[in-house]
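**Student:**
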Amino acid sequence: MDRSRLIENFDDGLFYDEEGNKFILSEFDEESYISISHDSSVWTSIYNGSSVVMDWREAPHISAELLSALQQICKDKFKQKSASTVHKIFYMTKHLSAAMGAWGFGQLTDFSQFKSSKIMQLWDYFNASTRSTFRECYSILARHDQCGASKDIARMMRGWKARDEIVQLRDVVMWNPTRGAFTTDESEIVRRELERDSSSDNDVDASAKIIGRALLETLKRPSQIAKVSAVSGLLKIPGNAPGAPTQYFLKIPRAKGQTGGEPALWQITSALGKAIEEYSKRPDIQRLQREHNRLFVIPGSHTGDLAWTEFGQISSGNIGNLLKSFFNNLRVLSPRTGEVIVVTPTRIRHTGATALALQGFSRDEIQEILEHDSPYTADAYIEAVGSDLMPALQKATDRGLGKVFEVLSDSYFFRGKIVDQAGDNPIVIPVVEISNPNETPKAPAVVGSCGKSGSCSLHPFWACYSGCEHFLAWREADHTKSLSYVESEFARWGAAEGGKKRTKLFKDFDRVAAGIKEVVSLTTGKGEHHNASE
160 MDRSRLIENF DDGLFYDEEG NKFILSEFDE ESYISISHDS SVWTSIYNGS SVVMDWREAP
220 HISAELLSAL QQICKDKFKQ KSASTVHKIF YMTKHLSAAM GAWGFGQLTD FSQFKSSKIM
280 QLWDYFNAST RSTFRECYSI LARHDQCGAS KDIARMMRGW KARDEIVQLR DVVMWNPTRG
340 AFTTDESEIV RRELERDSSS DNDVDASAKI IGRALLETLK RPSQIAKVSA VSGLLKIPGN
400 APGAPTQYFL KIPRAKGQTG GEPALWQITS ALGKAIEEYS KRPDIQRLQR EHNRLFVIPG
460 SHTGDLAWTE FGQISSGNIG NLLKSFFNNL RVLSPRTGEV IVVTPTRIRH TGATALALQG
520 FSRDEIQEIL EHDSPYTADA YIEAVGSDLM PALQKATDRG LGKVFEVLSD SYFFRGKIVD
580 QAGDNPIVIP VVEISNPNET PKAPAVVGSC GKSGSCSLHP FWACYSGCEH FLAWREADHT
640 KSLSYVESEF ARWGAAEGGK KRTKLFKDFD RVAAGIKEVV SLTTGKGEHH NASE
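Numbering-wise (my numbering), the sequence shown opens with residue 160 and increments by one.
(1) According to DSSP, is Thr662 helix, strand or coil?
(2) Please list the terminal residues of the continuous alpha helix (DSSP H) segment that includes Ala367.
(3) Considering only the beta carbon of each residue, do Ser359 and Lys368 sit closer than 7 Å?
(4) Compute the beta-carbon to beta-carbon distance between Ala340 and Gln383, rounded to the nearest angstrom, for a pair I have assumed lies under 8 Å.
(5) Quick one: grab the DSSP three-state call for Gly459.
(6) Confirm, please, whether the CB-CB distance from Leu617 to Lys576 is below 7 Å.
(7) Assign Glu646 to one of three DSSP states: helix, strand, or coil.
(8) Tell me whether Glu672 is buried or exposed, calling it buried when 16 or more other Cβ atoms sit within 10 Å of its Cβ.
(9) State the DSSP-derived secondary structure class of Lys640, mapped to helix, strand or coil.
(10) Beta-carbon within less than 8 Å of Phe470's beta-carbon, same chain only, minus the 5 sequence neighbours each way: which residues are those?
(11) Is the segment 215-229 in contact with the segment 184-193, if contact means three or more CB pairs nearer than 8 Å?
(12) Let me confirm a value: Thr377 is counted as buried when at least 16 other C-beta atoms fall within 10 Å, else exposed. Which label applies?
(13) Let me know if Thr405 comes out buried or exposed under the rule of 16 or more other beta-carbons within 10 Å of its beta-carbon.
(14) Within 10 angstroms of its Cβ, does Glu177 collect 16 or more other Cβ (buried), or is it exposed?
(15) With a cut-off of 7 Å, does the C-beta of Asp356 fall near any C-beta of chain D?
(16) By the DSSP assignment, the alpha helix (DSSP H) with Met251 in it spans what residues?
(17) From the DSSP output, read off the bridge partner residues of Glu395.
(18) Taking Pro412 and Ser475 to be in contact with their CB atoms under 8 Å, please state how far apart those CB atoms are, rounded to whole angstroms.
(19) Give the secondary structure of Gln426 by DSSP, where H, G and I count as helix, E and B as strand, and everything else as coil.
(20) Which partner residues of Lys181 appear in the DSSP bridge assignment?
(21) Here's a check: name, in chain order, each residue in its chain whose Cβ is nearer than 6 Å to the Cβ of Asn584, leaving out the five neighbours to either side.
(22) Would you kindly report the start and end of the unbroken beta strand (DSSP E) that includes Val605?
(23) Out of Lys320, Cys623, Val501 and Ile586, which one is the CA nearest neighbour of Asn335?
(24) Using 8 Å as the Cβ pair cut-off and three pairs as the minimum, do the segment 488-496 and the segment 422-430 touch?
(25) Once the 5 residues before and after Ser391 are set aside, which same chain residues still bring their CB inside 7 Å of it?
(26) In the DSSP assignment, what are the bridge partners of Asp214?
(27) Are Ile278 and Ile248 touching if we call contact CB-CB under 7 Å?
(28) Please classify Trp633: is it buried, with 16 or more other beta-carbons within 10 angstroms of its beta-carbon, or exposed?
(29) Could you tell me which residues DSSP puts in a beta bridge with Val349?
(30) When we look at the beta-carbon of Gln272 and count the other beta-carbons within 10 Å, is it buried (16 or more) or exposed?
(31) When the Cα atoms are used, what is the spatial distance from Gln445 to Ser439?
(32) Quick one: using the 10 Å Cβ neighbour count with 16 as the cut-off for buried, is Pro458 buried or exposed?
(33) Under 7 Å Cβ to Cβ from Phe264, same chain only, skipping five residues before and after it: list those, please.
(34) If distances are taken between C-alpha atoms only, which option among Thr503, Val201 and Cys233 comes closest to Glu345?
(35) Determine the direct distance from the alpha carbon of Asp283 to that of Thr703, and round the result to whole angstroms.
(36) From what residue to what residue does the beta strand (DSSP E) around Phe706 run?
So, in structure tokens, the structure goes:
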């Protein structure tokens, strides 16, 4: 559509072409618009590589006045937001109409007849997403004294939670085997398949690999990757010194609440940058890139193009199906499930975000990288590597105590040193073995000594294995007894405690067990100490 040929009507805020067709134009995205039928009943938008039709006649129980007010909110929102905002308001309006029909209303003229109890009834009727959209629209109407919306009720709704319960990315927290983050083994398998040489691949498989790698390295949504420009999307900066590596960046459009902002530069590896350059040399790929100004495209598997070309870019669904088909065709199996691994853009984002949390990134930093509207969404990833994930992860991986942290990260909890002689301040396993009450108790097993000069305020034994740099672990000690003791204590205390305390308990015991396992590995010559101070 050529915007230069459109004329704005300041009475209704719409734009018209020479044939009288009506449009709503986005002020931040020149490619984004909504076309409106002559009778204004049907709106159509091209969004993320697909067409979305909004037929307002599907809300028969909403009066023309209220419908017009909600449509005006759509027009105002679309100027600064993506089309998805308009879609949400449309679907909310349909649900509102359905509620009126279910409750025997002929037609909802305005909200003046709705007291707080009726609004609460509506709240219960809606799902979580519709609740948030309804609250926002109702508040806008109340602020402008429109359609009988009450400012008092709008204020009251601010304190209502849209969700029936706080469930933050349950698939992440519960380590779902097909929808949650990949395990370390799964992640390596996915990465290895995507990074295999593509020179002999057909264009479709080459597209799957290059798009999958872009998702892995940037953690962006597929809708963002799909919008990267073929002309300016890949930035190449030569090294400023002889032998210095060339740096590559992707210029990626923003999403969600940051939609409309300047596209951000995200650095990618030189390997991916060079792979994109080779990918772009393929004749059919190059032609599609040039025709649609999109860096990432999917050619038809046979003669001709896929349906996405009608909308100018591939959709999120196209990308999801492409990745699933690629791994299904290869029959790549998950070591966790024994079945073909399920690879989706969402799982890739979950995996990357969980890795960020493991590396100690803050909630705000994870929000910025993933471009979430709220920083609280990132809490799920932080919780996933904290106490709330531990029981679920232990069950999902079928690993013993002390394996959880070892599998998830390269973190080591033993920070002391291995010594050949026990020192003057012995550290013992805090249990006395008594086989017969009449016998003299056996001496506690010495596992090392404290190398700190002066008094130590930390708990002996427990703090020693889990991060104390002054712990001198005796090489000849039987540290497997320490592990047995910790595991028995975990079982005893785990049976006594419950609820959230149990998940916190698991994390505390697991840190100690992970440290002991490393000491066992080091003293038996099967491990390498990662403490730089040694």
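Beta carbons are placed, not taken as given, at the ideal position from N, Cα and C, and that holds for glycine.
**Tutor:** Let me lay it out:
(1) Bear in mind that the predicted position of Thr662 carries a pLDDT of just 49, short of 50, making it unreliable; the figure below should be weighed with that in mind. In this structure, Thr662 counts as helix in the three-state DSSP scheme.
(2) Start and end: Asp362 to Thr377.
(3) no
(4) Contact flag wrong, Cβ pair sits at about 20 Å.
(5) coil
(6) Not closer than 7 Å, so no.
(7) helix
(8) One point to set straight first is that residue 672 is Ala, not Glu, in the sequence displayed. With 16 or more other Cβ atoms within 10 Å, it is buried.
(9) Looking at Lys640 - three-state DSSP - the assignment turns out to be helix.
(10) Ile205, Gly208, Ser209 and Ser210
(11) They do not touch, by the three-pair rule.
(12) buried
(13) exposed
(14) Classification for Glu177: exposed.
(15) Among the chains in the structure shown there is no chain D, since it carries only a single protein chain.
(16) Looking at the DSSP string, the run of the alpha helix (DSSP H) that includes Met251 is Ala242 to Ala261.
(17) With the sequence shown as reference, residue 395 is identified as Lys, and Glu is not the correct amino acid for it. Paired residue(s): Tyr407.
(18) Contact doesn't hold; Cβ gap of about 14 Å is too wide.
(19) strand
(20) Tyr175 and Ile195
(21) Ser608 and Cys609
(22) Val605 to Cys609
(23) Val501
(24) no
(25) Excluding the 5 residues flanking it on each side, Ser391 has same chain C-beta neighbours closer than 7 Å at Lys410, in chain order.
(26) Paired residue(s): Val201.
(27) no
(28) buried
(29) None; Val349 has no bridge partner.
(30) Looking at its Cβ environment, which holds fewer than 16 other Cβ atoms inside 10 Å, Gln272 is exposed.
(31) 5 Å
(32) Pro458 is classed as buried because its beta carbon has at least 16 other beta carbons within 10 Å across all chains shown.
(33) His220
(34) Glu345 has its Cα closest to that of Thr503, out of Thr503, Val201 and Cys233.
(35) For residue 703 there is no data in the structure shown, the boundaries of the chain being 160 and 693.
(36) With the chain covering 160 to 693 only, the question about residue 706 has no answer from this structure.
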